[in-house]
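Protein chains in written order, with the numbering used here: chain Y, 1 to 544; chain B, 545 to 851.
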Amino acid sequence: MRGATHARWAACAAAAALAATACGGGDSDTGGSGDTGAVLSSSWGDPQNPLEPANTNEVQGGKVLDMIFRSLKKYDPETGKAEDMLAEKIDTSDSQNFTVTIKDGWTFSNGEKVTAKSFVDAWNYGASLKNNQKNAYFFGYIEGYDKTHPAKGKQSADTLSGLKVVDDRTFTVKLSQKFSTFPDTLGYPAFAPLPRAFFDDHDAWVKKPVGNGPYTVDSYTKGSQMSLRAWDGYPGPDKAQNGGVDLKVYTDNNTAYTDLMAGNLDLVDDVPAAQLKNVKSDLGDRYINTPAGIIQTLSFPFYDEAWNKAGTEKVRTGLSRAINREQITETIFQKTRTPATDWTSPVLGEDGGFKEGLCGDACEYDADAAKKLIKEGGGLPGGQVKITYNTDTGSHREWVDAVCNSINNALDNDKACVGNPIGTFADFRNQITDEKMPGPFRAGWQMDYPLIQNFLQPLYYTNASSNDGKWTNKEFDQLVDEANAETDTATAVEKFQQAEEVLRDDMGAIPLWYQNGSAGYSDRLSNVKLNPFSVPVYNEIKVG
Amino acid sequence: MGRYVVRRLLQMIPVFVGATLLIFLMVNVMGDPIAGLCGERQCDPSTAAQLEKEFGLDKPVWQQYLTYMGNVFTGDFGTAFNGQEVTELMATAFPVTIRLTIVAILFEIVIGITLGVITGLRRGRPVDTSVLMFTLVVISVPTFVTGLLLQLLLGVEWGWIKPSVSAEATFGELIVPGLVLASVSLAYVTRLTRTSIAENKRSDYVRTAVAKGLPRRRVITRHLLRNSLIPVVTFIGTDIGALMGGAIVTERIFNIHGVGYQLYQGILRQNTQTVVGFVTVLVLVFLVANLIVDLLYAVLDPRIRYA
């Protein structure tokens with residue numbers, strides 16, 4: 001393994017040069033087998049937006065925020081349960097007014113204390129229209145959001161009226177509606193506290209972000225590399241088990257994979273589809289493939305009369321039954337996807353609302369039943385379905401073609417289904433927003449927080465932010481409202497599942513498969529895990 | 545000569561305006577770039593409106609173009625969606641790509657012309673045939689195949705090089721990528737030189753030079769090669785622009801963060817400012833390289849005069 005030794009030498013040199021940390025086990029107080037001073041390298045993509053917590057809505061920027069910030073809550077990397085981090089307690093008596101108490105002793109890495117004000121200022125910043133924060137809608141449940149972020153025109157307030165600082169460690173939150181699981185959403189990076197430096201010298205902060213997480217940003221060259229180092233003074237319980245992480249930007253995940261093979265890189269968290277066949281023989285047990293909170297579905301254009309008539313639910317169910325999910329996930333995705341049997345994700349766990357088989361027959365492949373259902377529903381609108389997708393990301397062409405083949409075979413009709421490729425993701429989103437979809441279209445959902453609510457409300461509630469198909473159903477809305485008002489989690493989950501059944505009976509979207517997160521790593525590393533957001537749990541990785 | 549240069553420089557203006565306008569329109573036709581910024585969901589309308597205003601996308605296209613050109617002349621190429629100045633992106637990307645291009649051009653000149661001269665002088669011999677065969681193979685195999693193959697062999701199997709180039713992208717690291725980038729052009733340069741040499745070998749002035757009793761080395765370098773280089777220089781000159789803009793494939797394979805990378809990302813994210821800015825600079829490079837080539841003709845062949 002010449003490659004591997006080479007990498008070890010390089011990493012030691014880098015660690016010595018950049019952080020002046022001991023290499024080769026110089027630390028005498030290292031626990032276990034790992035070298036807490038050693039730095040690992042990991043593949044990265046250039047974040048799309050500036051690295052502000054309320055402005056980062058994709059995985060690459062999220063990776064960094066996950067390392068340099070800690071919020072009131074943190075999602076357990078294994079179970080996905082929201083657990084108190086900075087929060088000492090979050091009290092409510094009516095699911096609408098919350099009192100948040102922060103633990104003592106937390107500081108930002110520049111020494112500033114984390115106070116109630118750090119949170120309130122950060123949230124006000126995120127919710128304020130003039131700051132162009134793309135995650136602003138996260139604050140939409142807080143009272144006063146319609147003033148700081150009106151749907152039209154100028155904002156009439158700069159701060160949310162629902163947020164009040166009581167003292168250094170306490171603040172209150174008033175929501176505009178009942179939302180019992182609100183505290184569980186607070187692990188999302190958008191809710192992170194921000195130091196004064198963020199507001200005082202914003203440009204400098206964005207160039208080199210300062211947070212309160214287990215890592216600090218050592219250097220950041222936009223578009224090519226970010227070096228993060230473990231923060232010795234980190235007060236939290238989840239201290240970094242390694243000396244730091246070098247995130248390297250790769251334009252092509254194939255190159256990252258090649259670098260891993262050559263011992264030039266330690267961790268690749270996006271194994272390219274073309275390599276899935278070889279990954280087992282290349283890496284053996286250094287390849288992980290675990291469920292992530294991502295579900296892929298096919299949505300329908302309900303604004304189009306042809307898909308919204310009575311009886312078309314049979315056509316939609318028929319299409320669902322014409323898709324051989326088992327075969328496609330096995331041959332195209334090499335089992336990195338699991339056939340979906342409900343509209344949520346296995347990462348929620350049964351208590352969280354995941355219910356295997358909720359979709360029942362409607363998601364089972366049966367060519368005869370499919371044919372019958374589509375015939376009963378009045379046949380395919382226009383005699384053909386066009387599945388719209390974008391070609392620039394995520395190898396969608398392969399599976400759309402496979403889905404179409406499956407439908408064509410099931411219906412014994414070569415022209416029943418064709419793909420409708422669109423060049424770029426931006427254009428694809430445009431046409432969806434302009435309601436120009438000619439038929440079913442690809443819809444992917446990566447959860448914001450591991451709650452069943454997040455898999456249903458934003459996607460299927462009438463006029464919700466991500467209800468791209470404009471599906472609408474009174475009964476569904478009613479059940480979601482009831483579930484949100486429910487204080488008992490188990491009852492709330494049950495209500496959500498009832499809503500899901502309504503969705504199933506109308507087949508508002510066809511669930512296809514749950515997506516797994518996959519990663520491969522070099523033999524220097526151990527204890528590598530992916531969290532439910534398919535981001536590596538960097539602080540637990542051991543090097544050496 | 546001076547007037548010729550001035551005329552050529554003036555001719556560049558319409559070419560420059562036309563090229564930027566075309567690029568600007570093409571990127572705009574692709575639709576609203578804001579929609580791609582919010583992940584798999586619709587941007588909330590008020591934020592989207594605010595962003596459009598900030599990037600000037602709410603104005604008609606002609607007005608956007610005029611504002612943009614106005615800014616370009618003051619050195620402001622706008623801001624990319626990730627909040628970085630396009631000039632800042634250029635400052636990091638162009639040095640890398642220029643280094644890569646220099647390595648590639650050096651390969652073309654050194655290996656291409658040497659092989660061309662050798663084969664041109666030994667026409668029909670085994671050396672000639674084998675080099676011809678070799679160039680044929682290089683030309684017919686696409687760059688990404690050569691690139692991936694070399695990366696796998698040298699980088700993974702034999703461990704001679706690192707499969708990817710680091711952020712610093714030093715000359716040493718760029719040797720293999722430069723060779724890959726140059727490979728096809730290199731083969732063309734070899735063939736062009738070979739034909740040209742073979743043709744001129746029979747010309748009167750070479751025979752005269754030989755008859756004068758000049759040493760063989762001097763005949764070849766001063767008389768034969770100098771006259772044979774005109775088509776080769778034309779080719780290499782135009783190739784500079786092509787190499788800089790066309791390095792997308794090579795830059796992706798070796799993870800080089802140069803112009804190709806920025807352009808690729810700009811196109812995917814429909815970032816008008818980045819794409820138009822980089823293409824504008826590439827157009828300028830191309831025009832200037834062409835001018836230099838034309839001026840070099842006079843150096844190579846004193847019979848050529850400019851008026």
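The beta-carbon is built from N, C-alpha and C at its ideal position, and this holds for glycine as well.
Out of Y:Gly37, Y:Ile541, Y:Ala519, Y:Asn539, the CA that lies nearest to the CA of Val279 (chain Y) is found in Y:Ala519. Per DSSP, Cys417 (chain Y) is one residue of the beta strand (DSSP E) stretching across 417-422. What Pro47 (chain Y) touches in chain B, judged by beta-carbon distance under 8 Å, is Asn626, going in chain order.
In this structure, the CA atom of Tyr841 (chain B) is about 6 Å from the CA atom of Ile774 (chain B). A straight line joining the alpha-carbon of Gln453 (chain Y) with that of Met447 (chain Y) spans about 10 Å.
In this structure, Lys178 (chain Y) keeps its C-beta atom at 9 Å or more from the C-beta atom of Ala367 (chain Y). Between Asn57 (chain Y) and Asn135 (chain Y) a beta carbon distance of about 6 Å is seen, short of the 8 Å cut, so the two are scored as contacting.
Sequence-distant Cβ neighbours of Phe638 (chain B) in its own chain, meaning closer than 8 Å and more than five residues away, are Gly802, Val803, Val825. Taking the beta carbon of Ala262 (chain Y) as reference, the chain B residues within 8 Å of it are Gly699, Val700, Gly703, Lys706, Pro707, listed in sequence order.
With respect to chain Y, the C-beta atom of Ala579 (chain B) has a partner C-beta closer than 9 Å. Counting the other CB atoms within 10 Å of its CB gives Met677 (chain B) a total below 16, which places it among the exposed residues. For Arg643 (chain B), there are no C-beta contacts with chain Y under 9 Å, since the nearest C-beta of that chain is about 15 Å from it. Close to chain Y, meaning a Cβ-Cβ distance shorter than 8 Å, are the following residues of the stretch 786-802 of chain B: Glu795, Arg796, Ile797, Phe798, Asn799, His801. Bounds of the alpha helix (DSSP H) holding Met634 (chain B) are 630-651.
The beta carbons of Ser345 (chain Y) and Tyr461 (chain Y) sit about 18 Å from each other, so the pair does not count as a contact at 8 Å. For the stretch 396-470 of chain Y, the full-length alpha helix (DSSP H) segments reaching 4 residues or more read 396-411, 425-433, 452-460 along the chain. Phe496 (chain Y) has its alpha-carbon roughly 6 Å from the corresponding atom of Ala483 (chain Y). Rounded to the nearest whole angstrom, the C-alpha separation of Asn324 (chain Y) and Arg337 (chain Y) is 13 Å. Around the CB of Gln296 (chain Y), 16 or more other CB atoms lie within 10 Å, so the residue is classed as buried. For Lys81 (chain Y), not one C-beta of chain B is nearer than 9 Å to its own C-beta. Straight-line spacing of the CA atoms in Thr739 (chain B) and Ser395 (chain Y) works out to 46 Å. Closer than 9 Å to the CB of Arg429 (chain Y) there is at least one CB belonging to chain B. Taken through DSSP and simplified to helix, strand or coil, Ala322 (chain Y) comes out as coil. A distance below 6 Å between beta-carbons, with the five flanking residues on each side excluded, links Ile705 (chain B) to the following residues of its chain, in chain order: Leu698, Gly699, Val720. When Cβ-Cβ separations below 9 Å define contact, Val217 (chain Y) makes no contact with chain B.
Judged by DSSP secondary structure, Ile387 (chain Y) falls within the beta strand (DSSP E) whose first and last residues are 385-390. In the three-state DSSP reduction, Phe533 (chain Y) falls in the coil class, being neither helix nor strand. Shortest Cα-Cα distance from Gln431 (chain Y) to any of B:Pro577, B:Val605, B:Val549, B:Arg667 involves B:Pro577. Within chain B, no C-beta atom comes nearer than 9 Å to that of Thr172 (chain Y); the closest sits roughly 26 Å away. Counting C-beta atoms within 10 angstroms of its own C-beta, Gly162 (chain Y) has 16 or more neighbours from the protein chains shown and is therefore classed as buried. Ala230 (chain Y) is bridged by DSSP to Y:Tyr215. Counting C-beta atoms within 10 angstroms of its own C-beta, Tyr137 (chain Y) has 16 or more neighbours from the protein chains shown and is therefore classed as buried. Taking the beta carbon of Tyr808 (chain B) as reference, the chain Y residues within 9 Å of it are Thr251, listed in sequence order. No Cβ-Cβ contact shorter than 9 Å links Tyr365 (chain Y) with Gln334 (chain Y). Gln809 (chain B) places its beta carbon less than 9 Å from that of Asp46 (chain Y). Following the DSSP letters along the chain, one finds Gly722 (chain B) inside the alpha helix (DSSP H) bounded by residues 719-744.
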